[in-house]
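Colleague: Take this structure first; my questions come after.
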Ligand code: MRU
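Structural data, given as structure tokens:
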């Protein structure tokens with residue numbers, strides 16, 4: 099499957115910052131809109147939506163138009179840049195409006211710390227820019243949001259190169275959820291490791307967990323990798339144990355939504371089970387994440403807030419009802435993999451190995 103690059107290109111007049119043929123999120127400076135690829139429609143429809151207000155951007159984050167920890171942080175940053183373009187009041191009014199928008203955006207989803215991180219960085223920028231003219235404020239805030247976007251793509255490439263060194267040539271790699279270009283500024287974290295391994299000349303094949311209930315693996319990871327010509331097959335989540343038992347998986351790489359100070363890793367629901375399986379079968383379980391995912395203020399995974407999403411996302415697929423009316427469903431959207439099961443975390447600052455007792459703090463000063 100190769101897609102038509104004209105069909106997937108974001109409809110903005112300048113070159114997208116993603117560096118990919120498509121983008122999860124971009125900013126159109128011509129009309130100060132935030133432009134997002136509607137990931138709810140993939141893989142069957144490619145449609146970009148335009149958002150004109152930070153409240154709308156928050157709603158797009160809540161409803162999964164855009165998802166993936168770094169991508170929702172970038173979307174929020176652009177939402178705050180957009181506010182600066184619209185708010186022509188004095189410094190005090192600007193800061194109040196900025197504070198309100200920041201709160202709405204950072205509350206849109208609770209687990210991925212990249213969202214709160216990006217909002218806090220934009221708030222610091224706003225504090226410095228408040229006394230400037232409205233035109234200068236807009237330019238300063240947009241430059242900061244674009245820096246967040248560009249730095250994320252660079253971070254993905256840096257961690258990808260580090261992770262690729264550890265991918266065995268000829269490996270079949272299991273990944274869970276979607277930690278690709280669609281989940282980041284571009285290139286991807288876990289899929290960045292896979293892309294970098296391939297770019298380094300390694301032969302790799304991918305097994306993508308479908309990732310119930312939202313099917314990010316089946317819909318998004320498979321779409322991205324197939325478009326890049328990377329050999330990918332989708333399995334249901336319950337098949338992973340079978341493939342581990344048969345020795346068919348040599349390496350696991352996933353992304354993360356928050357990494358606690360002790361090296362515990364929150365990621366898409368089902369990741370913990372994959373880590374337990376990898377450990378039981380002696381297969382390296384690795385994580386790729388930008389430094390913005392590391393939360394040194396959260397001591398362990400037990401303190402990471404786990405988002406509970408709606409019953410409907412479990413009880414239905416599209417219009418098909420899977421669960422009898424009146425029967426409840428549980429839907430924690432993330433789980434926590436304890437540090438002792440995490441063989442390596444690749445970041446743009448370097449690698450740490452939680453299973454060997456290494457924590458992120460060793461890299462914090464870089
Ligand atoms: O609910 P989602 O789709 O936002 O969850 C995404 C994940 O869990 C990803 O694995 C994580 O954000 C890392 S993305 C680089």
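Numbering (our numbering), first residue to last: 99 to 464. Ideal Cβ positions, reconstructed from N, Cα and C, are used throughout, including at glycine. This structure is a prediction, so every number in the text was calculated from the model and none was measured.
State the start and end residues of the unbroken beta strand (DSSP E) segment that holds residue 303.
Modeller: Here residue 303 is taken as the residue at index 205 of the chain shown, counted from 1. Element bounds for residue 303: 303-307.
Colleague: With a 10 Å radius around its C-beta and 16 neighbouring C-beta atoms as the bar for buried, classify residue 309 as buried or exposed.
Modeller: In the chain shown, residue 309 corresponds to position 211, counting from 1. So residue 309 ends up on the buried side.
Colleague: CA-CA distance, residue 295 and residue 260?
Modeller: In the chain shown, counting from the first residue as 1, residue 295 sits at position 197. In the chain shown, counting from the first residue as 1, residue 260 sits at position 162. Those two C-alpha atoms are separated by around 9 Å.
Colleague: Decide if residue 191 is buried, meaning its Cβ has at least 16 other Cβ atoms within 10 Å, or exposed.
Modeller: As a working note, residue 191 is residue 93 in the chain shown. Result: exposed.
Colleague: So, helix, strand or coil for residue 317, using DSSP?
Modeller: Here residue 317 corresponds to residue number 219 of the chain shown, with the count starting at 1. Note: residue 317 maps to helix in three-state DSSP.
Colleague: Is it buried or exposed for residue 330, if we count other Cβ within 10 angstroms and need 16 for buried?
Modeller: As a first step, residue 330 is located in the chain shown; it is residue number 232 there, counting from the start. Result: buried.
Colleague: Verify whether the separation of the beta carbon atoms of residue 208 and residue 405 is less than 7 Å.
Modeller: Your numbering for residue 208 matches position 110 in the chain shown. Your numbering for residue 405 matches position 307 in the chain shown. The answer is yes: Cβ separation under 7 Å.
Colleague: I need the boundaries of the alpha helix (DSSP H) containing residue 226, first residue and last residue.
Modeller: Within the chain shown, the letter at position 128 stands for residue 226. Following the DSSP letters along the chain, one finds residue 226 inside the alpha helix (DSSP H) bounded by residues 211-227.
Colleague: By Cβ distance below 7 Å, which residues in the same chain neighbour residue 346 in space, the five residues on each side in sequence not counted?
Modeller: Indexing the chain shown from 1 puts residue 346 at position 248. Excluding residues within five positions, the ones whose Cβ falls inside 7 Å are 270.
Colleague: Answer with buried or exposed for residue 276, where buried requires no fewer than 16 other C-beta atoms within 10 angstroms of its C-beta.
Modeller: Numbered from its first residue, the chain shown carries residue 276 at position 178. It counts as buried.
Colleague: Does the beta-carbon distance from residue 407 to residue 429 come in below 7 Å?
Modeller: Position 309 of the chain shown, counted from the first residue, corresponds to residue 407. Position 331 of the chain shown, counted from the first residue, corresponds to residue 429. It is a contact, given that the beta carbons lie within the stated cut-off.
Colleague: Helix, strand or coil: how does DSSP classify residue 108 here?
Modeller: The residue you call residue 108 lines up with position 10 of the chain shown. Three-state result, residue 108: coil.
Colleague: Report the start-end ranges of each beta strand (DSSP E) in the region 262-307 that is 3 residues or longer and not cut off at the edges.
Modeller: Those beta strand (DSSP E) runs which fall completely within the region 262-307 and span 3+ residues are 270-273, 303-307.
Colleague: According to DSSP, is residue 384 part of a helix, a strand, or is it coil?
Modeller: For this step, residue 384 is matched to residue 286 along the chain shown. Strand at residue 384.
Colleague: So is the beta-carbon of residue 137 under 6 Å away from any non-hydrogen atom of the ligand MRU?
Modeller: Taking the first residue of the chain shown as position 1, residue 137 is located at position 39. Checking the Cβ of residue 137 against the ligand MRU gives no.
Colleague: Along the chain, where does the beta strand (DSSP E) that runs through residue 407 open and close?
Modeller: Position 309 of the chain shown, counted from the start, is the residue given in the question as residue 407. Counting along the chain, no beta strand (DSSP E) covers residue 407, and no H or E run does either.
Colleague: Who are the near neighbours of residue 141 in its chain, counting only those whose CB is closer than 8 Å to its CB and skipping five residues on each side?
Modeller: If you number the chain shown from 1, residue 141 lands on position 43. These residues qualify, in order along the chain: 317, 318, 320, 321.
Colleague: Starting from residue 329, trace the beta strand (DSSP E) both ways and give me its first and last residue.
Modeller: Counting from 1 along the chain shown, the entry for residue 329 is found at position 231. That run of the beta strand (DSSP E) goes 329-333.
Colleague: CA-CA distance, residue 349 and residue 332?
Modeller: As a working note, residue 349 is residue 251 in the chain shown. As a working note, residue 332 is residue 234 in the chain shown. Approximately 16 Å, taken between the alpha carbons.
Colleague: Does the Cβ of residue 184 lie closer than 6 Å to at least one heavy atom of the ligand MRU?
Modeller: Numbered from its first residue, the chain shown carries residue 184 at position 86. Checking every heavy atom of the ligand MRU against the Cβ of residue 184, none is found closer than 6 Å.
Colleague: What residue does the alpha helix (DSSP H) around residue 357 start on, and which one ends it?
Modeller: Along the chain shown, one-based indexing puts residue 357 at 259. No alpha helix (DSSP H) contains residue 357, which is instead part of the beta strand (DSSP E) from 356-358.
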